[in-house]
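Student: The numbering used here numbers the first residue of the sequence shown as 585 and each following residue consecutively. Here you go, one structure.
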Amino acid sequence: MNTVNEDRGGRKRRRKARQRRIRIALAVFVVLIVAAGWVWRTLFVRPELPVRTDPEPHASPIDTVSPREPEPPVEPEIDYGEGIRPRRDGERKSEDFYTVLILGRDTAGGGQTDTMLLASYDVTHQKATVMSIPRDTMVNVSWDVKKINSVYNAYGGGEQGIQAVYKEVSQLVGFEPDFQVVVEWDAVGKVVDAIGGVYFDNPYPMDYHDPKQDLVIEQAPGYRLLTGDDAMQIIRWRQNDDDSPYGYRRKNGGIGDSGRMELQQNFLKAVFAQLLSVGNVSKIGRISKVFQENVTTDLTFQNVLWFARQAFLGGMKVDDVEFLTMPWAGVQAWSRTYNTKLSYVVPQASALLDIVNNKLSPFQETFTLSDLDIMSVRPDGSLRSSTGYVEDRRAAAAPDQ
């Protein structure tokens, strides 16, 4: 009799223990689900479009808000003077259509923003466009040498220089990009190393040496896995030494800025394809560290991850990203400073307008040429703008040569 009672008691205790383990397992599962949901929400944060307005006196341009009720940052108004006021709001082409100005700053080259990319990403329809802006593009500024890559240093560099470049690009295309990203060139190589290298087909034999910059570029052509150092050499190259046996020599112009922009675009395609691979999910920590140390932007890393997640889940492929160069023509304009003509790049107005309306602008409203600040040279050597206003009044008249 006692044996039967003991068996019943043992079964009862085992049953209770099993039920307790089940309850604990369920509790742990619920905690994990809640934790995963929290991580998911905090790791991938949808960007809020900035609201640009005049800041209150003594107020910070960025509002401090509760993380439970995120609000778009308030950014100070840009002073466009008598120039064209780019569009900054209106009905969007889709619910999640974003634009970003990406500036590559080369500290080895004096901090110039020689690489300028304007990107649009229609998340809703999984389409993206990245347009390169040539560094010799003529822009509507008050000083004599009007190349867009002179703007950064003309304003003393730093944040003021970046905002000046942002202003000129905005006027050029007729709208203010939603966000801006300033990338130290060295970050490109660090990202490549962080993801374990990038496979790329280098089309040129590269043989260039510049002792002043301590720059050595020696890269064989062909398809292979590039290290970060290989990548940095390739995206900086545009010509070989004059005594190089491989051609593309400096005295013959090398591949020029247009050739280098195409080379950089093709390399970015390779990096983009690599970043979209599942294998790089485990490397987010390393990529985040590079981002934090080498990128200045009004986007958070969580915003960038949100873009990446949307692209991955949306099935975006490299073919869905169109890389192009601003359509341009070469011109010469008189320089009062150098007492000679300088070579410039000016946009092909109708072609650029078409790209803005159909690929880059986030707004439904159609732009006209008067909305874009496109410079050109008249037959008498004077400069004009599609807006009808030239900041440099002396350049608006025929030069005295």
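Glycine included, C-beta positions come from ideal geometry on N, C-alpha and C. Quick caveat, the model's predicted, so the values are computed rather than measured.
Are G758 and P670 touching if we call contact CB-CB under 8 Å?
Tutor: Numbered from 1 along the sequence shown, position 174 holds the residue referred to as residue 758. Numbered from 1 along the sequence shown, position 86 holds the residue referred to as residue 670. Cβ distance < 8 Å, so G758 and P670 count as in contact.
Student: From what residue to what residue does the alpha helix (DSSP H) around A738 run?
Tutor: Reading the sequence shown from its first residue, position 154 is the one you call residue 738. Taken as a continuous stretch (DSSP letters only), the alpha helix (DSSP H) holding A738 covers V735 to A738.
Student: Starting from the Cα of R977, find the closest Cα among T811, N786, L756 and V725 and give me that residue.
Tutor: Counted from its first residue, the sequence shown places residue 977 at position 393. Among T811, N786, L756 and V725, the Cα nearest to that of R977 is on V725.
Student: Ordered along the chain, which non-local residues of its own chain (more than five positions away) have a Cβ less than 6 Å from that of D680?
Tutor: As a working note, residue 680 is residue 96 in the sequence shown. Cβ neighbours of D680 beyond the five flanking positions: V707 and T708.
Student: Just how far apart, CA to CA, sit Q747 and P829?
Tutor: Numbered from its first residue, the sequence shown carries residue 747 at position 163. Numbered from its first residue, the sequence shown carries residue 829 at position 245. Roughly 43 Å separates the two Cα atoms.
Student: Kindly indicate which residue of H793, F907 and L809 has the alpha-carbon position closest to the one of L852.
Tutor: The residue given as residue 852 occupies position 268 in the sequence shown. Closest by alpha carbon: F907.
Student: Could you name the residues that DSSP lists as bridge partners for W918?
Tutor: The count along the sequence shown starts at 1 and reaches residue 918 at position 334. For W918, which the question treats as bridged, DSSP gives the partners K925.
Student: Would you mind reading off the limits of the alpha helix (DSSP H) that contains E752?
Tutor: The residue you call residue 752 lines up with position 168 of the sequence shown. That run of the alpha helix (DSSP H) goes G742 to V757.
Student: Where do the ends of the alpha helix (DSSP H) carrying I818 lie?
Tutor: The residue labelled residue 818 in the question sits at position 234 within the sequence shown. Here the alpha helix (DSSP H) through I818 covers G812 to R820.
Student: Helix, strand or coil for G843, going by three-state DSSP, please let me know.
Tutor: Within the sequence shown, numbered from 1, the residue matching residue 843 stands at position 259. Here G843 sits in helix by DSSP.
Student: Among residues of its own chain, excluding the 5 on either side of G840, which ones have a beta-carbon nearer than 7 Å to its beta-carbon?
Tutor: Residue 840 sits at position 256 when you count from the first residue of the sequence shown. Correct list, in chain order: R822.
Student: Given that a residue counts as buried once 16 or more other Cβ atoms are within 10 Å of its Cβ, and exposed if not, what is L809?
Tutor: For the purposes of this step, residue 809 is taken as residue 225 along the sequence shown, with counting starting at 1. The residue in question, L809, is exposed, as its Cβ has fewer than 16 Cβ neighbours within 10 Å.
Student: Looking at the structure shown, is P795 part of a helix, part of a strand, or coil, going by DSSP?
Tutor: Here the question's residue 795 lines up with position 211 in the sequence shown. Helix at P795.
Student: Restricting to Cα atoms, I'd like to know which of W912, I662, D791 and W918 is closest to K751.
Tutor: The count along the sequence shown starts at 1 and reaches residue 751 at position 167. If we check each option's Cα against that of K751, I662 comes out closest.
Student: Measure the Cβ-Cβ separation of V772 and L687 and say whether it is below 8 Å.
Tutor: What you label residue 772 is simply residue 188 of the sequence shown in a count that begins at 1. What you label residue 687 is simply residue 103 of the sequence shown in a count that begins at 1. No, the pair does not count as a contact, with Cβ atoms beyond the cut-off.
Student: Taking the beta strand (DSSP E) that I686 falls in, what are its first and last residues?
Tutor: One-based indexing of the sequence shown puts residue 686 at position 102. Note, I686: beta strand (DSSP E), F681 to D690.
Student: Buried or exposed: P761, going by 16 or more other Cβ atoms within 10 Å of its Cβ?
Tutor: Locating residue 761 in the sequence shown gives position 177, where the first residue counts as 1. Per the 10 Å Cβ criterion, buried.
Student: Per DSSP, which one or two residues make a beta bridge with L809?
Tutor: Within the sequence shown, residue 809 is the residue found at index 225, counting from 1. L809 is bridged to Y783.
Student: Assuming F891 contacts R676 (C-beta within less than 8 Å), just tell me the rounded distance between them.
Tutor: Here residue 891 corresponds to residue number 307 of the sequence shown, with the count starting at 1. Here residue 676 corresponds to residue number 92 of the sequence shown, with the count starting at 1. About 16 Å separates the two Cβ atoms, so there is no contact after all.
Student: Use the C-beta contact count for S861: other C-beta atoms within 10 angstroms, 16 or more gives buried, fewer gives exposed.
Tutor: Your numbering for residue 861 matches position 277 in the sequence shown. S861 is exposed by the Cβ-count criterion.
Student: Going along the chain, which residues of its own chain have a beta-carbon closer than 7 Å to the beta-carbon of E666, five neighbours each way excluded?
Tutor: Locating residue 666 in the sequence shown gives position 82, counting from the first residue. The answer, listed in chain order, is Y973.
Student: If you draw a straight line from the alpha carbon of S966 to that of A981, how long is it in whole angstroms?
Tutor: Here residue 966 refers to the residue found at position 382 when the sequence shown is read from its first residue. Here residue 981 refers to the residue found at position 397 when the sequence shown is read from its first residue. So the two alpha carbons sit approximately 5 Å from each other.
Student: Assuming the contact rule is C-beta atoms closer than 8 Å, I779 and K867 should be a hit. Round their C-beta distance to whole Å, please.
Tutor: Working through the sequence shown from its first residue, we reach residue 779 at position 195. Working through the sequence shown from its first residue, we reach residue 867 at position 283. Confirmed, about 6 Å.
Student: Which class does L860 belong to by DSSP, given the choice of helix, strand or coil?
Tutor: By one-based count along the sequence shown, residue 860 stands at place 276. In the structure shown, L860 sits in coil (DSSP, three-state: anything other than H, G, I, E or B).
Student: Indicate the three-state DSSP secondary structure (helix, strand or coil) for I801 in the structure shown.
Tutor: For this step, residue 801 is matched to residue 217 along the sequence shown. Strand at I801.
Student: Can you check whether the CB of M959 is closer than 8 Å to the CB of V930?
Tutor: In the sequence shown, counting from the first residue as 1, residue 930 sits at position 346. In the sequence shown, counting from the first residue as 1, residue 959 sits at position 375. Cβ distance < 8 Å, so V930 and M959 count as in contact.
Student: Using DSSP with H/G/I as helix, E/B as strand and the rest coil, what is A895?
Tutor: Reading the sequence shown from its first residue, position 311 is the one you call residue 895. A895: helix per DSSP, three-state reduction.
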